Amino acid sequence: MTAVAKAPGSAPQPSPWTRLRASSRMHRSLTILVGWALVATLLPLIVLIPPLSTFQPQSLWIDGFSNAGVFILLAMGLNVVVGLAGLLDLGYAAFFAIGSYVYAFGASPFSGLHIPFWPMLLVGAGAAATMGILLGAPTLRLRGDYLAIVTLGFGEIVPAVFLNASSLTNGTNGIGGIYKPTIFGFQFTLENPVPYYITMVGILAITMVLLYRLQDSRLGRAWMAIREDELAAASSGINTITTKLLAFALGASTAGLAGVYAASKLTFVSPDQFGFQVSFTVLAMVVLGGMGNIWGVAAGAFIIYTIQAVLLKELNQFFQALHVPILQNIDFVQYQYLLYGVALVGMMLLRPEGLFPSSRRRQELHESAGEEPEDVAPPTELGE
Amino acid sequence: MSIDFRGVVRPILIGAAALVIEWLLLGSQQFSNAMVLGAIYALIALGYTMVYGIIELINFAHGDVFMVGSFLAMWILTTVFGLQGPVTNVVNLIAILAIVLLATMVGMGFIGMFIERVAYRPLRHAPRLAPLITAIGVSFILQNIIAVLFGPSPVNFPQIVPANKISVLGAQVPVLNVGILALAIFLMIVLNLFVGRTRLGRAMRSTAMDREAAELMGVDINLTIAITFFIAAALAGAGGMVQGLYAGSIQFTLGFYVGLKAFTAAVLGGIGNTTGAAIGGFVIAFVEVYATVLGYTEWSEVAVFSVLILVLVFRPSGLLGTQLGERA
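Residue numbers (this note's numbering), protein chains in the order written: chain B, 11 to 394; chain F, 414 to 741.
Structure follows, in structure tokens:
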């Protein structure tokens with residue numbers, strides 16, 4: 011990655027804005043890193059502005075952003091499977107669970123082990139990817155909707171196994187007292203949310219850079235080819251099984267990463283954290299954000315998480331304070347999944363490409379619109 | 414949707430063999446439980462398989478249609494008839510059951526048609542992922558509407574059938590179990606005759622075979638698909654009412670697991686094949702009850718989903734195969 015600074019103005023005409031856009035397109039990885047740094051600095055400041063600062067103190071907001079980050083990571087991972095490769099995975103939470111439990115086994119009083127957090131990130135991702143391959147290898151030959159059901163079944167089996175294999179997993183009670191990360195002797199604590207926040211932003215930025223580069227690689231283009239027409243892709247020499255398997259493994263490893271982080275932050279895992287609600291929530295995030303568009307999906311995850319974690323509660327208090335006859339009796343948090351359902355149906359009917367669509371996906375979903383894609387964003391290999 | 418007569422002998426043989434093995438392994442008492450459970454799964458599996466046969470959509474919301482059906486039946490029993498306990502007069506009992514069954518089936522049929530019209534028809538030519546995702550959305554919506562209307566905790570279903578037992582093959586079996594099985598078999602025979610012998614049934618089969626060709630032959634595709642959804646949802650409604658009578662309490666999450674198991678049954682029997690779906694329902698119920706008998710109650714769901722994965726991996730066309738084979 012060549013981190014070339016913005017070229018000094020050789021061409022005098024274009025406005026600074028156009029030049030910034032052009033150069034950010036050239037150096038996308040750098041742009042993503044800078045973008046994340048900017049967002050990560052601004053978010054804790056934005057919540058100090060009045061309407062937001064009244065909801066909860068800044069430290070709680072930062073803590074919430076770290077939790078939102080877990081879902082952003084999950085959504086970006088699921089996006090590889092659903093958005094790029096076009097495989098519907100309804101048991102995605104299973105890989106999240108595997109990552110969490112791997113860390114719980116590796117670093118808790120329950121197992122007696124204490125493996126440091128940082129290598130465990132990779133171990134968790136690797137374990138989830140392995141499970142993804144084990145599940146995917148026999149099932150990816152199946153057509154899309156069968157795969158959806160198999161993954162749904164898998165998503166139910168994994169928590170059930172963690173629940174019932176009590177001698178290994180402590181059953182319903184779950185595993186508690188999981189060790190928190192340390193870095194160079196600095197111990198993460200629950201009182202100070204900032205180290206967790208910075209860690210999450212780092213993970214997200216690196217993951218996003220990797221995913222963007224992957225998307226424009228030979229592999230990424232193969233995924234999209236399979237999504238658009240599997241038969242044609244196979245005829246063009248793409249090994250569809252291996253390619254789909256890679257998408258599956260990659261999506262799973264991202265969920266494993268998220269799982270390790272979540273376990274280390276919550277310091278507790280139990281089987282009921284990984285029900286199908288998690289899988290469906292993440293799917294709703296991907297659909298809402300715009301399947302296939304990495305940053306759109308991340309934005310969708312952030313929006314949905316913030317709505318469910320903060321705004322619905324605020325809405326309750328708001329209407330209770332107003333004493334509006336009907337509205338004050340409604341518990342908006344209770345309607346969360348109803349809203350997801352309406353959002354999924356409405357989105358598919360009215361705007362199937364999501365809030366922030368990728369140009370290619372939009373064309374695909376509005377097939378009647380025109381024959382030739384006008385702007386398919388040719389993959390630029392210029393950033394090296 | 415297979416009602417070909419070449420395929421009649423083999424299913425009957427497989428079914429009979431399965432029944433005998435089940436009976437030998439479970440003993441009469443558990444066998445009757447497995448048969449009731451199987452009847453419920455079969456009624457739902459028929460809906461999955463018919464819808465899949467005709468528009469190649471896995472209707473994720475179908476399990477929740479079943480759940481709504483049991484709430485509708487409960488609502489009719491408690492609110493319209495004001496019943497809570499057993500009805501001892503046999504004539505009254507049968508009349509009430511028949512009315513509730515009919516009302517539930519018709520009501521659910523229209524709900525099924527409505528869902529198809531709103532959520533699936535506009536997406537008939539969209540990429541396959543789109544209707545699957547709306548189906549999940551519909552499933553969420555149905556669950557949460559019920560949770561809002563009837564509350565999130567389990568609700569009692571009035572036990573209007575007295576707990577009398579009759580002797581069948583040396584075992585004391587509740588009357589209800591026998592009635593449920595008889596009803597399920599009756600509905601399946603009616604369905605079989607409808608699909609095999611009527612004009613609409615022929616339209617359904619031809620639409621399943623080749624939609625465009627059927628349209629060119631003058632079949633009203635929209636009507637045919639709507640009728641398919643009506644029948645599927647009506648059968649699920651009957652299943653829902655039966656489930657309520659059998660289990661005694663119902664909850665808004667009921668549809669998820671039962672739906673998944675019924676789908677497994679449909680896949681096991683060969684999706685798109687109605688006879689297969691019925692047999693699959695009984696096999697899945699057997700697996701579940703047998704796991705309980707062996708003392709692995711908490712593993713019974715894992716066992717069912719493992720069956721699903723194994724069938725899909727090793728024999729995706731199911732036990733009886735299908736006319737609408739897996740297209741790569």
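The beta carbon of each residue, even a glycine, is placed where N, CA and C say it ideally should be.
None of the values given here were measured: they were computed from a predicted structure.
For the stretch 344-359 of chain B, the set of positions with a beta-carbon nearer than 9 angstroms to some beta-carbon of chain F reads 344, 345, 346, 347, 348, 349, 350, 351, 352, 353, 354, 355, 356, 357, 358, 359 in chain order. Among the residues facing chain B, residue 550 of chain F is included, as its CB has a counterpart in that chain under 8 angstroms away. If only complete runs of 3 or more residues are kept, the stretch 581-627 of chain F shows the beta strand (DSSP E) at 584-587, in order along the chain. Spanning the alpha carbons of residue 449 of chain F and residue 160 of chain B requires a straight line of approximately 26 angstroms. Within 9 angstroms of the CB of residue 711 of chain F, the CB atoms of chain B belong to 170, 173, 174, in sequence order along the chain. Taking a contact to require three or more Cβ pairs closer than 8 angstroms, the stretch 111-120 of chain B and the stretch 239-249 of chain B do not qualify as touching.
Shown in chain order are the members of the stretch 100-115 of chain B whose Cβ falls below 8 angstroms from a Cβ of chain F: 100. A residue is called buried when at least 16 other Cβ atoms come within 10 angstroms of its Cβ; residue 367 of chain B meets this threshold and is buried. For residue 315 of chain B, there are no neighbours in chain F by C-beta distance under 9 angstroms, as the nearest C-beta there is about 17 angstroms away. The way I'd put it, the stretch 456-463 of chain F does touch the stretch 643-652 of chain F; three or more beta-carbon pairs between them come closer than 8 angstroms. Counting the other CB atoms within 10 Å of its CB gives residue 315 of chain B a total of 16 or more, which places it among the buried residues. Within the stretch 504-525 of chain F, contact with chain B at the beta-carbon level (separation under 8 angstroms) is assigned to no residue.
Per DSSP, the beta bridge partners of residue 578 of chain F are F/587. Runs of the alpha helix (DSSP H) lying entirely within the stretch 416-502 of chain F and spanning at least 4 residues, in chain order: 422-468, 475-488.
Here residue 279 of chain B carries a strand assignment [DSSP, helix/strand/coil]. Ranking B/89, B/68, B/327 by CA distance to the CA of residue 261 of chain B puts B/89 first. By the criterion of at least three beta-carbon pairs nearer than 8 angstroms, the stretch 617-631 of chain F is not in contact with the stretch 688-703 of chain F. Taking C-beta separations shorter than 7 angstroms and ignoring five residues to either side along the sequence, the partners of residue 297 of chain B in its chain run 354, 357, 364, following chain order. Annotated three-state conformation of residue 569 of chain F is strand, per DSSP. Look at residue 567 of chain F: its C-beta is not under 8 angstroms from any C-beta on chain B. In the same chain as residue 443 of chain F, and ignoring 5 residues on each side of it, the C-beta atoms closer than 7 angstroms to its own belong to 702, 706, in chain order. In the structure shown, residue 59 of chain B adopts coil according to DSSP, grouped into three states. Residue environment: residue 481 of chain F is assigned as buried (16 or more neighbouring CB atoms within 10 Å of its CB, all protein chains considered). Between the C-alpha atoms of residue 148 of chain B and residue 726 of chain F there is a straight-line separation of about 6 angstroms. Residues 113, 116, 270 of the same chain have their beta carbon placed closer than 6 angstroms to that of residue 130 of chain B, with the five preceding and five following residues left out of the count. In the DSSP assignment, residue 197 of chain B is bridged to B/192. As computed with DSSP, residue 185 of chain B is found in a beta bridge with B/279.
Excluding five sequence positions before and after residue 169 of chain B, the CB atoms of its chain that fall closer than 7 angstroms to its own CB belong to 107, 281, 284, 285, given in chain order. Put simply, the CB of residue 158 of chain B is near chain F, with a gap under 8 angstroms to one of its CB atoms.
Proximity of chain F to residue 82 of chain B at the Cβ level (cut-off 8 angstroms) is not reached, the minimal Cβ distance being about 20 angstroms. DSSP, read as helix, strand or coil, puts residue 34 of chain B in helix. A distance below 8 angstroms separates the beta carbons of residue 608 of chain F and residue 618 of chain F. The beta carbon of residue 468 of chain F sits no closer than 8 angstroms to any beta carbon of chain B. If you draw a 10 Å sphere on the C-beta of residue 475 of chain F, you find 16 or more other C-beta atoms in it, and that means buried.
The Cβ atoms of residue 668 of chain F and residue 556 of chain F lie closer than 8 angstroms to each other.
Per DSSP, the beta-bridge partners of residue 124 of chain B are B/117.
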